[in-house]
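**Student:**
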Ligand SMILES: Nc1ncnc2c1ncn2[C@@H]1O[C@H](COP(=O)(O)OP(=O)(O)O)[C@@H](O)[C@H]1O
Ligand SMILES: [Mg+2]
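Residue numbers (the numbering used here), protein chains in the order written: chain Y, 646 to 1364; chain C, 82 to 304; chain S, 178 to 261; chain V, 178 to 261.
1. Cβ of residue 223 (chain S) less than 8 Å from any chain C Cβ?
2. Between residue 1260 (chain Y) and residue 761 (chain Y), how many whole angstroms is the CB-CB distance? I'm expecting something under 8 Å.
3. DSSP state of residue 1064 (chain Y), grouped into three classes?
4. Taking 8 Å as the cut-off, decide whether the C-beta atoms of residue 251 (chain C) and residue 187 (chain C) are in contact.
5. Determine the contact status of residue 1187 (chain Y) and residue 1111 (chain Y), defining contact as a CB-CB distance below 8 Å.
6. With 7 Å as the C-beta to C-beta threshold (strictly closer), list the residues of the stretch 232–258 of chain V near chain S in chain order.
7. To the nearest angstrom, report how far apart residue 264 (chain C) and residue 173 (chain C) are at their CA atoms.
8. I'd like to know if residue 217 (chain S) contacts chain V, where contact means its C-beta is closer than 8 Å to some C-beta of that chain.
9. Going by C-alpha distance, which of Y:979, Y:984, Y:1006 and Y:695 is nearest residue 994 (chain Y)?
10. Kindly give me the distance between the Cβ atoms of residue 1210 (chain Y) and residue 1090 (chain Y), rounded to whole angstroms, as I take these residues to be in contact under 8 Å.
11. Return the bridge partner residues of residue 815 (chain Y) from the DSSP annotation.
12. Please go through the same chain and pick out, in chain order, the residues whose beta-carbon is closer than 6 Å to the beta-carbon of residue 919 (chain Y), but skip the five residues on each side of it.
13. According to DSSP, what are the bridge partners of residue 115 (chain C)?
14. When the Cα of residue 192 (chain V) is compared with those of C:233, C:302, C:281 and C:290, which residue comes out closest?
15. Inspect the CB distances between the stretch 200–216 of chain C and the stretch 285–294 of chain C and report whether three or more fall short of 8 Å.
16. Per DSSP, residue 894 (chain Y) forms a beta bridge with which residues?
17. So for residue 239 (chain V), helix, strand or coil by DSSP?
18. For the stretch 120–191 of chain C, which segments carrying the alpha helix (DSSP H) assignment without a break, of at least 4 residues, lie completely within its bounds, in sequence order?
19. For residue 959 (chain Y), collect the residues of the same chain with a Cβ closer than 7 Å to its Cβ; drop the 5 residues on either side in sequence, then sort them by chain order.
20. Considering only the alpha carbon of each residue, which of Y:825, Y:953 and Y:1155 lies closest to residue 837 (chain Y)?
21. Are the C-beta atoms of residue 208 (chain S) and some chain C residue less than 8 Å apart?
22. Near residue 253 (chain V), which residues of its chain fall below 6 Å by C-beta distance, leaving aside the five closest residues on each side in sequence?
23. Looking only at its own chain, which residues have a Cβ that is under 7 Å from the Cβ of residue 789 (chain Y), when we skip the five neighbours before and after it?
24. Determine, using beta carbons only, whether residue 124 (chain C) comes closer than 8 Å to chain V.
25. Taking the straight line between their C-alpha atoms, what separation do you get for residue 1151 (chain Y) and residue 696 (chain Y)?
26. Please check the pair residue 700 (chain Y) and residue 1120 (chain Y), which I expect to be a contact at CB under 8 Å, by giving their CB distance rounded to whole angstroms.
27. What's the C-alpha gap between residue 907 (chain Y) and residue 1269 (chain Y)?
28. With a floor of 3 residues, list each beta strand (DSSP E) that falls wholly inside the stretch 1281–1362 of chain Y, ordered by position along the chain.
29. Note down, in chain order, each residue of its chain lying with its Cβ closer than 6 Å to the Cβ of residue 219 (chain V), except the 5 sequence neighbours on either side.
30. Which same chain residues, not among the five before or five after residue 110 (chain C), have their C-beta less than 6 Å away from its C-beta?
31. Compare the beta carbon distance of residue 1428 (chain Y) and residue 1088 (chain Y) with 8 Å and say whether it is the shorter of the two.
32. Taking the straight line between their C-alpha atoms, what separation do you get for residue 926 (chain Y) and residue 835 (chain Y)?
33. May I have the straight-line CA-CA distance separating residue 709 (chain Y) from residue 1115 (chain Y), to the nearest angstrom?
34. Starting from the beta carbon of residue 183 (chain V), find every residue of chain S whose beta carbon is closer than 7 Å, and list them in chain order.
35. Within the same chain, show all residues whose beta-carbon is closer than 8 Å to that of residue 112 (chain C), passing over the 5 residues directly before and after it, in chain order.
36. Counting only Cβ pairs nearer than 9 Å, list the residues of chain S close to residue 731 (chain Y).
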């Protein structure tokens, strides 16, 4: 959004002169919420960002950790909410494109994509149109790049009917010593690589920093995955030959922002000849060249002069366009020239330091309106309703459009495990696990606890396959920071993430904040924090799936309380969530995580599933249905309380296991050794394809597969 | 050691895992070759791996078929070099007319990625030598344009060919793969290189491994 | 009421990029077809609709396409034409 | 030599079936658009070519399309037309 008169005055005073049009545009992008994080910068400092294995923390295009001594993981998450509301197909597609470029900027080979999608109810034509095109956009772009989209989440609610949230993440691998230092020195030439610069996507980032308005359609960008694929190929070759010292994505804010940020990080100045940039339209004006957000462009800096020739011949081989547009300089100024005339001349320090924007926050305790009691309800109806909720039902219609297996590394594909497990394919069995979680139902009721739970759930899903959680990334999606009652949610979610990262002792190596998610009437979407957790797994063959094999005991590990606040059963029966979300239990989560790793290493379970939406009953029934085996559950074995509470409670820190029959005692003793409550709650069956619930051994409900298949497969008509 | 070229077009995606399988399972000397550099005479076999050559623009495999590698491939086909096209590679070979028929848009009009069961009929030739007739091998598919179509299937089912047990894309006669010259040139839509090691598959099946073992053995025995 | 054939073409607006068309044009030129200045790619839908007149037929396809979101007015342009 | 715009429409022959068109027609009818008899889906390529005359332009697009197999006569139907 345009600079405020206060901000313009601040800049002009610092310079002692008026800003040029080009400088205005540059500062407008650089000082936008999207690029400067002016409303959240202070709060984000509370996150735990340090740990021995962190190689690169937040601040650069992506974060990096050491996975093994000889393998680094590079990752980044980002939202593409605003563009996707207007052009769901290209909005989602270019979201994938941008996140992948961020990850290659550190010298990585991208090997995994994950997506967290918060979409409309599916009951209106508009929301179906949005979802369908969002999914197709991710599919078309990610598949063409040859990067598997192997995990994600899909949430559906009226709150996103017109304003969906699209969070996408990319994970790459590199040798630790192969991570680009990202450092440049005066005299280094700057090469612009990839797509031509055009008027498309003009000032997209400041457009993402204000409420939506139909007149913004000029900012729509069409993604070109084919060019991006060539960029990946070319840069991979250049990385192997060690030809580069810096690679940077031209993302939000375009060339201007990328240049200014690089100069600031390296404490150097920069001189850019705007007329040397390769253009799509020859008549582009200098301010347009600075701010254009045309996709699939990067700046690269060669390691040394001698590398230039070899670099160019790689670009030529792949038919990529490039131009040498300037160089870094000693004097700490951003200078841009057009046909020899200076159009920008700003101190680097000024360009990256917007004046403080005071934001008010209206503290509002979570609205703890207690829920109407959910007892003596028709259990069968409740179960079917929960299973047919699009948030709970099977997601194959989404992930089967994604090439989850390209690369040959996908050891646990979507639909088969709590997290994606990716094999390194390096003549060992080593790999890593990734899960992404977010629950707007909880964050709407309590942004602090809700965000912490997102963190815990992603953590638990990585642990339940048998991996050791190592690092997290978060994506905050929230409302208008200029409205105190909305900004409250943003800050409380950040605090929740900070608290969880400290309590679970997991560093946050990157994140993204998307604000101004409100509709034309000014009401906020359901705010949500997506959290992605990455874990290490020594032997991918030991990873536990969520698919049971039947005829074995079902054991619930973890304590169940009567926690129905913000639960799925409330939403499907009462129309919305009430009360407080379940308690965030970091100590239990950590203990359960270590236990889960031992379970997988000892090979004493067939299947494991973190318990979340819809409680034990939804978790168990989905597992059984996918495995084609029946299941019986005794409600008092979960919790000696009302069956509704036992079955649908969403208490945290629980994993449901199908334990190997002959290893049951080992399993229970191991749980005991960890001081984890664990007990047999039922059995999987072999020949009967049914779901049976009992209460004190009396049958209280029975359903056949055929009674729930329509419910569970209900998403089919979405795609 | 016998040499296998793994052809790379702009947009090819599956060359690395294919190479990994050729080296570690076929135990052959594999190498990824950039398409204009491909000289058929330098190789004992060639694989066209999966991906989206030229973004699949126009039609899957179309623009890749304009490459100058095509003349080499046509030539190689004439003198009997073993050629395998997987997914996009199959699409390229069909565009080139090396393999009969066409791969049209899936009946669902969507990209589909899932595990399928593939039954091999009359398996013969360098790529299928270790597979027995009627054997069912599970492998994943991942494609948008895999609906096999041809006016007359008779000549196809006389040669080695592959069939989906459950037709995922509307292919005529559930055709998943076809061949010519008794299996010397083979095209399949499913991805054997993603079903080569047990941990690539949930069910610990390795349906694709047999293809890589076959070519290894065949070439060593002197195909 | 009579059957009319109406062609609906959906392509990106001229201000937006068109990766498919650009790639095809580029590759055609490098094959030697220098006369190709540009290609824009799009989707074609050939409707047969019952209508009282040709104008009605065109009107009805235009309306259906926009109501059912066969295209996105913020990025696409459409052409509707009668064909024989 | 002047620039001419020529539209090339490629769709599946009836024998090859057209699931996308069939699905769309079906959906449209179930949404209440009873007037839709059928829909065929295809690809549109809008060429701009340099040529001496309109006939030449059409001729040249037809030739390029068939030489490069932008359509495949065994499964596709094709229409070439001049547009304004
Ligand atoms: N947007 C998405 N993209 C990719 N995979 C997804 C997406 N949404 C859900 N999935 C996958 O579908 C499977 C089922 O998802 P979900 O129903 O959320 O969880 P659960 O594992 O509890 O059944 C998971 O493997 C998940 O990774
Ligand atoms: Mg970026």
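All C-beta atoms in this analysis are idealised placements derived from N, C-alpha and C, irrespective of residue type, glycine included.
**Tutor:** Once the coordinates are examined:
1. no
2. At roughly 21 Å, the Cβ-Cβ gap does not stay under 8 Å, so residue 1260 (chain Y) and residue 761 (chain Y) are not in contact.
3. coil
4. yes
5. yes
6. 237, 241 and 245
7. 17 Å
8. yes
9. Y:979
10. 7 Å
11. Y:721 and Y:758
12. 931, 934, 981 and 983
13. C:89
14. C:233
15. yes
16. Y:943
17. helix
18. 150–160 and 169–177
19. 879, 882 and 883
20. Y:953
21. yes
22. 187
23. 870, 871 and 874
24. no
25. 8 Å
26. Contact doesn't hold; Cβ gap of about 21 Å is too wide.
27. 52 Å
28. 1300–1304, 1323–1329, 1335–1340 and 1343–1349
29. 186, 187 and 188
30. 82 and 84
31. Shown here, chain Y extends from 646 to 1364; a query on residue 1428 (chain Y) therefore has no answer.
32. 22 Å
33. 11 Å
34. Under the 7 Å cutoff, chain S gives no residues; its nearest Cβ is about 10 Å from residue 183 (chain V).
35. 84, 85, 86, 87 and 100
36. 249, 251 and 252
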